[in-house]
Amino acid sequence: MTKQEFVDKIAERANLGRRDAQNAVDAMLDQITETLKGGGEIAFTGFGKFSTQHRAERMGVNPRNPTEKVTIPASIVPKFSAGSQLKTAVRGR
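In structure tokens, the structure reads:
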């Protein structure tokens with residue numbers, strides 16, 4: 003599903019105009035991004051939790067030259083952990 007398809011579904015389910023649904027989705031995504039950039043986390047009970055995770059420095063292989071080893075620097079990456087209700091809903095398709 004694309005972002006626009008998602009916006010259309012939200013507009014339909016919440017009985018909103020497309021522009022209002024687009025603004026709501028954009029605001030939600032912006033807030034999640036800002037919270038994670040600030041080192042915080044967002045938890046939706048039953049749905050899941052957005053957080054960040056430290057990824058340690060590690061060794062990798064240069065894809066253009068597989069014999070060359072490269073050091074991949076440490077970084078902070080976004081993480082999503084699914085909640086119990088979401089897991090149950092997906093399993094019960």
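First residue of the sequence shown: 3, per this note's numbering; consecutive thereafter.
Glycine included, C-beta positions come from ideal geometry on N, C-alpha and C.
In the DSSP assignment, F46 is bridged to G50.
Annotation: the continuous beta strand (DSSP E) that includes E70 extends over 67-74.
Membership of R60 in the beta strand (DSSP E) is indicated by the continuous run 60-64. Residue environment: A58 is assigned as exposed (fewer than 16 neighbouring CB atoms within 10 Å of its CB, all protein chains considered).
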